[in-house]
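> Numbering (full-length UniProt numbering), first residue to last: 1 to 226.
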Amino acid sequence: MSQLDTSFAIKVKNLSFAWGKDRSILQSCSLNIPQGEFWMLLGTNGSGKSTLLKLLAGLIQPQSGEVEISQPLGFVFQNPDHQLVMPSVGADVAFGLVDEKLPLPQIRQRVKEALEAVNLAHLVRRPIYALSGGQKQRVAIAGAIARRCEVLLLDEPTALLDPDSQLDLVAQVRALVKSRGLTALWVTHRLDELDYCDGAILLQKGEVVEQGNPQLLRQRFTKLEA
Ligand SMILES: Nc1ncnc2c1ncn2[C@@H]1O[C@H](COP(=O)(O)OP(=O)(O)OP(=O)(O)O)[C@@H](O)[C@H]1O
Ligand SMILES: [Mg+2]
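Here is the structure:
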């Protein structure tokens, strides 16, 4: 994995991955995501979306192919309870900064700024257990913002949310991408979320079958599901 100097924040070339010898999951996937854009990754259950995201994040290694992705990157899980580890909102966001060994006032400043970005500054002392699902996802995103992530990878972050919180979250991530010049790749099943993205990728049985215009992709996905 290396830093990019082109206008793409994520570049993937001929990426293949298998769990064991005969368990091929991704076959020669190639995709390019421009810096500063909000893209979505669609595909039916088991098509390889989470596997692709883990490869992008460097959590697993491909058998072949190349990944170039801007750093630092942040990963947001489907279930925020698998991600938030500290007892309170402020402590959780600060926890992600431990490796940076910053002076305390700078940590406070970063936490404040990141929570303001997701409209949660007023909940800095709130225990994690007393948050809604959507608020928890926003704390996870604030963690990535505090670390000054260039890229956000989000694996079905709205899967556990009710429809109102779902659309709030997708709108908020789009606004963050645009206001902070981030790049985001968002995995989803939900076609109504496509209205918020700049581009989309369709994965089918481990292959990229379409990428680009979200509305064209919506038509193709609808046919796939029918
Ligand atoms: N740790 C693992 N070991 C073996 N096989 C796995 C492992 N994780 C996932 N798989 C298999 O890889 C395939 C792709 O899984 P993946 O989780 O990437 O799909 P997905 O598109 O994210 O699906 P979903 O929409 O259900 O989240 C599936 O067949 C799954 O059973
Ligand atoms: Mg998945």
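Backbone N, C-alpha and C fix where the C-beta goes; we use that ideal spot for every residue, glycine too.
Mind checking whether Arg-147 and Ser-88 have CB atoms under 8 Å apart?
Residue numbering aside, residue 147 sits at position 147 when the sequence shown is read from its first letter. Residue numbering aside, residue 88 sits at position 88 when the sequence shown is read from its first letter. Result no, Cβ atoms of Arg-147 and Ser-88 do not sit closer than 8 Å.
> For Gln-83, which residues of its own chain have a beta-carbon under 6 Å away from its beta-carbon, when the five flanking residues on both sides are left out?
Sequence index remark: in the sequence shown, residue 83 carries index 83 (1-based). So the list reads Phe-77, Ala-140, once near-sequence residues are dropped.
> Any idea what DSSP makes of Gln-61, helix, strand or coil?
Sequence index remark: in the sequence shown, residue 61 carries index 61 (1-based). Of the three classes helix, strand and coil, the one that applies to Gln-61 here is coil, per DSSP.
> Using 10 angstroms around the beta-carbon of Leu-154, count the other beta-carbons present and answer buried if the total reaches 16, otherwise exposed.
As a working note, residue 154 is residue 154 in the sequence shown. That one is buried.
> Going by DSSP, what residue range makes up the beta strand (DSSP E) through Ala-140?
For the purposes of this step, residue 140 is identified with residue 140 of the sequence shown, where counting begins at 1. Premise fails: Ala-140 lies in the alpha helix (DSSP H), 133-146, not in any beta strand (DSSP E).
> Evaluate Leu-216 with the Cβ neighbour count: other Cβ atoms within 10 Å of its Cβ, from every protein chain shown; 16 or more gives buried, anything less gives exposed.
By 1-based counting over the sequence shown, the position of residue 216 is 216. With fewer than 16 Cβ atoms within 10 Å of its Cβ, Leu-216 is classed as exposed.
> Of all the options Asp-195, Glu-225, Gln-204, Arg-220, which has the alpha carbon lying nearest to the alpha carbon of Trp-39?
Working through the sequence shown from its first residue, we reach residue 39 at position 39. It is Asp-195 whose Cα lies nearest to the Cα of Trp-39.
> Identify the continuous alpha helix (DSSP H) that holds Ser-165 and give its terminal residues.
Mapped onto the sequence shown, residue 165 falls at position 165. Per DSSP, Ser-165 belongs to the alpha helix (DSSP H) from 163-180.
> Mind checking who Phe-8 pairs with in its DSSP beta bridge?
The residue you call residue 8 lines up with position 8 of the sequence shown. Answer is Pro-34.
> Rounding to the nearest angstrom, what Cα-Cα distance links Cys-149 and Lys-136 in this structure?
Here residue 149 refers to the residue found at position 149 when the sequence shown is read from its first residue. Here residue 136 refers to the residue found at position 136 when the sequence shown is read from its first residue. Approximately 18 Å, taken between the alpha carbons.
> Report yes if the C-beta of Glu-205 is less than 7 Å from at least one heavy atom of ligand 2; otherwise report no.
For the purposes of this step, residue 205 is taken as the residue at position 205 of the sequence shown. Looking at the sequence itself, residue 205 is Lys, so the reference to Glu does not match. Flag unset: Cβ of Lys-205 not near ligand 2.
> Just the Cα atoms here: how many angstroms apart are Tyr-129 and Asn-14?
Position 129 of the sequence shown holds residue 129. Position 14 of the sequence shown holds residue 14. Rounded to the nearest angstrom, the two C-alpha atoms are 42 Å apart.
> In the DSSP assignment, what are the bridge partners of Lys-13?
Reading the sequence shown from its first residue, position 13 is the one you call residue 13. Lys-13 pairs with Glu-66.
> Roughly how many angstroms separate the alpha carbons of Leu-41 and Trp-186, rounded to a whole number?
One-based indexing of the sequence shown puts residue 41 at position 41. One-based indexing of the sequence shown puts residue 186 at position 186. Answer to the nearest angstrom: the Cα atoms are 6 Å apart.
> By Cβ distance below 8 Å, which residues in the same chain neighbour Ile-107 in space, the five residues on each side in sequence not counted?
Position 107 of the sequence shown holds residue 107. Same-chain partners within the cutoff: Ala-94, Leu-97.
> Report the option in Cys-29, Ala-9, Ser-7 whose CA atom is closest to the CA atom of Ser-16.
If you number the sequence shown from 1, residue 16 lands on position 16. Checking every option, the nearest Cα to that of Ser-16 belongs to Cys-29.
> Just curious, the beta strand (DSSP E) that Thr-183 is in, first and last residue?
Position 183 of the sequence shown, counted from the first residue, corresponds to residue 183. Segment 183-188, the beta strand (DSSP E) holding Thr-183.
> Return the CA-CA distance between Pro-72 and Leu-102, expressed in angstroms with no decimal places.
For this step, residue 72 is matched to residue 72 along the sequence shown. For this step, residue 102 is matched to residue 102 along the sequence shown. In a straight line, the C-alpha of Pro-72 is about 16 Å away from that of Leu-102.
> Quick one: give me the first and last residue of the beta strand (DSSP E) that Gln-71 is part of.
Along the sequence shown, one-based indexing puts residue 71 at 71. Here Gln-71 belongs to no beta strand (DSSP E), and DSSP marks it neither H nor E.
> Report the CB separation of Gly-90 from Val-111 in whole angstroms; it is logged as a contact under 8 Å.
Within the sequence shown, the letter at position 90 stands for residue 90. Within the sequence shown, the letter at position 111 stands for residue 111. That belief holds up - the Cβ atoms of Gly-90 and Val-111 are roughly 6 Å apart, short of 8 Å.
> What are the partner residues of Gly-212, as DSSP defines its beta bridges?
As a working mapping, residue 212 is identified with position 212 in the sequence shown. Bridge partners of Gly-212: Ala-200.
> Return yes when the C-beta of Arg-218 is under 7 Å from any heavy atom of ligand 1, and no when it is not.
Position 218 of the sequence shown, counting from 1, holds the residue named residue 218. No, the Cβ of Arg-218 stays beyond 7 Å of every heavy atom of ligand 1.
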